[in-house]
Structures are given as structure tokens and as C-alpha cells.
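Participant: Below are the C-alpha cells for one structure; questions will follow.
See below:
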């Protein structure tokens, strides 16, 4: 099944208690594509970069079955750059630099071959860009998943609500769910948010796992307790890529299968945070994914 | 199987965003006994109160199979009193008043009939009192579980470490595990803490569930997403009571059964927080516990 993703393709400079990584490749669409590529090999990436982006990284994506026909390359301009420093507990971070560069006036234009994709992953980006992607689809995709963050709730709430109305699954973290709904209880927050449009809501809680809400059903996915979280950057994007990649592969949108997709998203995210940037998500193989999936399964196995 | 518990029997005044409750019955041993009473009816309570404690509350415990032979009643003195105010997110609270009263010079004296109990639950109290209880046992219990809090790590770390050395299961929350071990990663923290003595470690994470560590095994128990957390007071004590009560009933100390015990502790704790104080834990019945256990089971059920 074909999977279209929009999101940033960017450079990140990251400081964590374990070290520094300078101008490494990152961006939501990069993580999403890598994660999804372990499930499907018909991925269409829509984004924008400058002419400073390493060709080898683009070729590595192409080799994973990712089409870059929708990746705009702006001559003489620079790619999006983000720099941040994580605090010692890894749960919070300071943004040091945000250089929008090519992203400032990004107008997503879908090639014809992208417009009938059955699965659409709208990575974290301005809600206006996410909406423009939906509007270019020639038929309603089987599934539209949207990831966003508190920043857009602060500066573009109306546009965000407009695009949320058009989607099937929203993925946000617990604080964002509380902010978007105005409810502290996540059960109540889920009800308010689902009334905004999406049938499914995934609340990501980092080291505490994730919750999947649908109707009156709830599923609690664990997170793998790790020796070290080396770099949390991209964990949410990796989760999203694994989640929609698994759904696109299986073609099954039942609640039972959504639960498995949440587990696979969590499995891949637990890999990403073990190394800097996309280093770990680039080097996985099926055996490692299967072994880690087994650890997740063991983690919650109880005859109860 | 007989279960001995030591802990406070007290009055609490509680303020939450949902209201105030003035001088209601509380205390670790009260919650532990009520929770455990749904599994076993041979419970021996060791604590101290003043002559201000309502006889009806004591009789209610007796009717649940709780022996109060080891409950000292100090004529002319007052019971332990704690008063606190929860913040709007319910995750943090301010202590307003702590009147030790009878607790100030509590010397736990076990009646002869208590000294061969097979299961011992050392509720949160000074480590010295917890140690004195262990020292009076005439034979090594099958299982000793200890609950404690950061306060004792701050003011009585050596005594705490001495008693931790003698026990089988330690239950603390995630911040306390980090404080006690000096490790941020809970996997590393668990290793450090288990090297201090206990074979099993339960890390309680409130709304995020609980982790059970044993050797290289980990179990991730969910928490039930609730409409409202009305009053978190006693949730940890209720968890401990349900946990050891289930183990005492089943008599099975395997890791597989410990997992079930963590689930039952979580089930009962999820009840306690739905009403003020011990109101909810007093009125449960088997049908309600079974129905809620089913919800916990559904919450993590995935064919993965």
C-alpha cells in the first residue's frame, strides 16, 4: 500500500547529557520514512530542503523505497535547522536555535503520483501545510494520521482545529492533549478531542508508554524500560512512522490492529532513542525488530 | 495464610480540587488492612492510636477479619494527624500539618499470636519501627514487603538501608527509586536497589502504572485511565495491601504470580482514588473487583 508523508527534512544540533551531535540529519519526515520503510517500500515523501543537504542521505532513503519526487530542492538556500539541549532527566529540553530557512515559505506541491496514496502521515509542521496536502489528494485516503505539537496550539489553533477535523488519527503527547482539550483527565480529554474529528487518538507518554482511544475503548501500550535514553529526538516521529507503516502493510484498520500498530510504533521509537539522531533507525533489520517486539510482548504478558 | 501489617492508623484532613474532607480516618495500616481483607481474613494489625479514635471504625475492621490485639490505645493521647492539600494536577501536594502525637514514641510490641505470621507488610513508617517488627518474628516469614517514602531517605537513610536488607519486596515510586539509587534510568536504579537486599522491586508510577523488577525480568502494569482522580491519598497503601493480600491468599511467590499481585494492587488502588479517604475501599465487593480486574486485563490485551 502506498504511503505519503509530509514533514521536515532537516539538520539538528543536539546536546544531551551523553554528548553533542552537530548538524546531523533529522526532521519529522526523515524519521517517519525510515521507520515506515521497515514495513512498506512505496513511500512518497513531500518536503523541502536547500542545496546543502547531503546526497548520500537522500540516496539512502531512495534505496529504502522512498520516492523523493515531492522533495523540493531550493538552489542557493539552506535546509531547516534546529538546535536543542536536553536537560539531565531527558524529559524536557531548551530550543537554542530555530532557523526556518527553506521552510519559511514552503508550499507543498504533490506530484501526480502522490495524489492517490492510501495512507497519509502528516508529520509535525504548520497546520496550513498539512491542510494543503490533504486538499491535493484526488480521493479520500483510507487513513490520515496527523502529528502535531503544543507550538501550533499556541500560534495557530484555528488552522490546527480545521485540519484535525479532516483526519482519522491524531498523535500528541499527554500535556498537549490536556492543552488542546482543556481537560486534565486524559479520559475526558480524549472525549473532547475525538469530538473535534479524529476517530482515533494516540496519547504519547514517552517513558510511560502510550494510550490509544477509540469510542469507549482504551489500550495501554507500554514503553520498554531502557538502560539509557541517549537522545530522545525523533522518538515521536519514529513512533508515527512505525504506526502508519504497520497499518499500511497490513491494510487492517480495526481497533485490534491499531493496537498492534501502536506496539510497533513503540518498538521502533525505543530503538531511535538509543543512539543520536537517525543512526539507530537506519541500521535496523527485521530480526532486531522481531526480537524487540518480543520484549514488548513479554513486558505486558500476564495471565490475569 | 496469616498477614501481619504495621503502619499508621490515623486521621487525615484532605483538600483536593474536588472538595475538603476534615479529620477522616486514614493511615497506611488502615488502607492496607482494608485492601488485603478482600483476599484474606486473618490479618494482624500492629499500630498505635489515642483514645480519640472512633470505635465504629475499629469494629468495621474487626468484622473484616482484622485482629487489633496489636493495636495500642493510649489513654489521654491523640492519634496521628496529617493534613495536606493537593495541587490541581493531583500529582503533587503540600503537607499542611503533621501532628505525630502517639506516633512520636511508638514502640511496636507484637502479641504472641502475631509472631509467626507468614506474610508481613511493613507500611510506611520510621525504618526503626519497621525493623523492630521484623526482629520480633519467631520464624522468618515467607514474604516481607516494605513500603517507604522519600522522607525517610532524607532523614534516616542508614536505618532504612538496614531494614531494606532484611526484606523481599520493596515498593516505592519512581522519584524515590531515583533518589535511593542515585540512578536516573529505572533499569539501573532497579539493579542498584536489588543489590541492597530485596529480590523484588515494585516502582509505583501513579497514573502511569507500575513496574515490577526481578532478576533481569520486568513487568509493566498499566494504570486504569480514570474520569476523575478524586483523592489520591492512600493509593500506594491500597496497592500494597492488594498486592500482599493476593499473594497471601494464593501462597505462590513465583514471578508470574507476583505479576498478578501487582495487577490486583493496581485494581484496588484505582478504586481508592475515586472517593475521599477509605470510603471506596470500604464498600467494595468481589463482583466489583472482578469487573474492574477485567477492565485492567482488557486495557493491555493485544495479540502481538
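Residue numbers (the working numbering), protein chains in the order written: chain X, 1 to 304; chain D, 1 to 304. Beta carbons: idealized from backbone N, C-alpha and C, even for Gly.
DSSP three-state label for residue 86(X), please.
Facilitator: strand
Participant: Give the residues of chain X in contact with residue 289(D), contact being defined as C-beta atoms less than 9 Å apart.
Facilitator: Near residue 289(D) there are no residues of chain X at all, since even the closest Cβ is about 12 Å away, more than 9 Å.
Participant: Using a C-beta cutoff of 8 Å, does residue 300(X) count as contacting chain D?
Facilitator: yes
Participant: So which of 16(X), 74(X), 44(X), 43(X) has the shortest CA-CA distance to residue 84(X)?
Facilitator: 16(X)
Participant: Beta-carbon within less than 7 Å of residue 164(D)'s beta-carbon, same chain only, minus the 5 sequence neighbours each way: which residues are those?
Facilitator: Once the five neighbours on either side are set aside, the close Cβ partners of residue 164(D) are 146, 170, 196, 197, 198.
Participant: I'd like to know whether the C-beta of residue 186(X) is nearer than 8 Å to at least one C-beta of chain D.
Facilitator: yes
Participant: Tell me the DSSP secondary structure of residue 300(X) in three-state form.
Facilitator: Reduced to three states, the DSSP call for residue 300(X) is coil.
Participant: Helix, strand or coil for residue 187(X), going by three-state DSSP, please let me know.
Facilitator: helix
Participant: What does residue 218(D) touch in chain X if you count any residue whose Cβ is under 7 Å from its own?
Facilitator: Around residue 218(D), the beta-carbon contacts reaching into chain X at under 7 Å are 225, 299.
Participant: Could you check the C-alpha separation between residue 313(D) and residue 181(D) for me, to the nearest Å?
Facilitator: With chain D covering 1 to 304 only, the question about residue 313(D) has no answer from this structure.
Participant: Taking only beta-carbon atoms, is residue 160(D) less than 8 Å away from chain X?
Facilitator: Interface with chain X (8 Å Cβ-Cβ cutoff): residue 160(D) is excluded.
Participant: Would you say residue 274(D) reaches chain X, if we count a Cβ-Cβ gap shorter than 8 Å as a contact?
Facilitator: Taking 8 Å as the CB threshold, residue 274(D) stays off the interface with chain X.
Participant: Should residue 305(D) be flagged as near chain X, meaning a C-beta pair shorter than 8 Å?
Facilitator: Lying before the first or after the last residue shown, residue 305(D) is absent from chain D, which here runs from 1 to 304.
Participant: What whole-angstrom Cβ distance do residue 235(D) and residue 269(D) have, given they're in contact under 8 Å?
Facilitator: Between residue 269(D) and residue 235(D) the Cβ distance is about 5 Å, and since that is below 8 Å, they are a contact.
Participant: Determine the DSSP secondary structure at residue 11(D), reduced to helix, strand or coil.
Facilitator: If DSSP states are grouped into helix, strand and coil, residue 11(D) belongs with the strands.
Participant: Along the segment 237-271 of chain X, where does the CB come closer than 7 Å to a CB of chain D? Name the residues.
Facilitator: 256, 259, 260, 263
Participant: Which chain X residues sit within Cβ distance under 7 Å of residue 222(D)?
Facilitator: 220
Participant: Since residue 170(X) meets chain D, which of its residues come closer than 9 Å, beta carbon to beta carbon?
Facilitator: In chain order: nothing, as chain D lies at least about 17 Å away.
Participant: Closest by CA to residue 299(D), which one among 267(D), 278(D), 64(D), 21(D)?
Facilitator: 267(D)
Participant: Can you tell me whether residue 74(X) is helix, strand or coil according to DSSP?
Facilitator: strand
Participant: Measuring straight from C-alpha to C-alpha, what distance separates residue 289(D) and residue 283(D)?
Facilitator: 11 Å
Participant: Looking at the C-beta of residue 29(X), does it have a partner C-beta in chain D at a distance below 8 Å?
Facilitator: no
Participant: Check residue 254(D) in the structure and name its three-state DSSP category.
Facilitator: coil
Participant: Per DSSP, residue 93(X) is paired with what?
Facilitator: 86(X)
Participant: For a contact meaning CB atoms closer than 8 Å, what does residue 175(X) contact in chain D?
Facilitator: Those do not exist, as residue 175(X) stays about 10 Å from chain D at its closest Cβ, beyond 8 Å.
Participant: Are the segment 237-256 of chain D and the segment 23-43 of chain D touching by the rule of at least three beta carbon pairs closer than 8 Å?
Facilitator: Contact holds: three or more Cβ-Cβ distances are below 8 Å.
Participant: Just to confirm my understanding: we take residue 142(D), look at its own chain, exclude 5 residues before and 5 after, and list those with CB closer than 6 Å. What are they?
Facilitator: 118
Participant: Using 8 Å as the threshold, is the C-beta distance between residue 36(X) and residue 3(X) below it?
Facilitator: yes
Participant: Would you give the residue range spanned by the beta strand (DSSP E) that residue 144(X) belongs to?
Facilitator: 143-147
Participant: Taking Cβ to Cβ, would you say residue 238(D) is nearer than 8 Å to residue 26(D)?
Facilitator: no
Participant: At a Cβ threshold of 8 Å, is residue 204(X) touching chain D?
Facilitator: Not a single CB atom of chain D sits nearer than 8 Å to the CB of residue 204(X).
Participant: Using C-beta distances below 7 Å, list every residue in its chain close to residue 70(D), excluding the 5 sequence neighbours before and after it, in chain order.
Facilitator: Excluding five sequence positions before and after residue 70(D), the CB atoms of its chain that fall closer than 7 Å to its own CB belong to 44, 45, 46, 110, 111, 114, given in chain order.
Participant: Quick one: Cα of residue 281(X) to Cα of residue 63(D), how far?
Facilitator: 59 Å
Participant: Within a Cβ cutoff of 6 Å, which residues of the same chain sit near residue 190(D), ignoring the five residues on either side of it in sequence?
Facilitator: Excluding residues within five positions, the ones whose Cβ falls inside 6 Å are 201, 213.
Participant: Measure from the C-beta of residue 87(X) to each C-beta in chain D and report whether the shortest distance is under 8 Å.
Facilitator: No, residue 87(X) does not count as interfacial toward chain D.
Participant: What is the DSSP secondary structure of residue 248(X), reduced to helix, strand or coil?
Facilitator: helix
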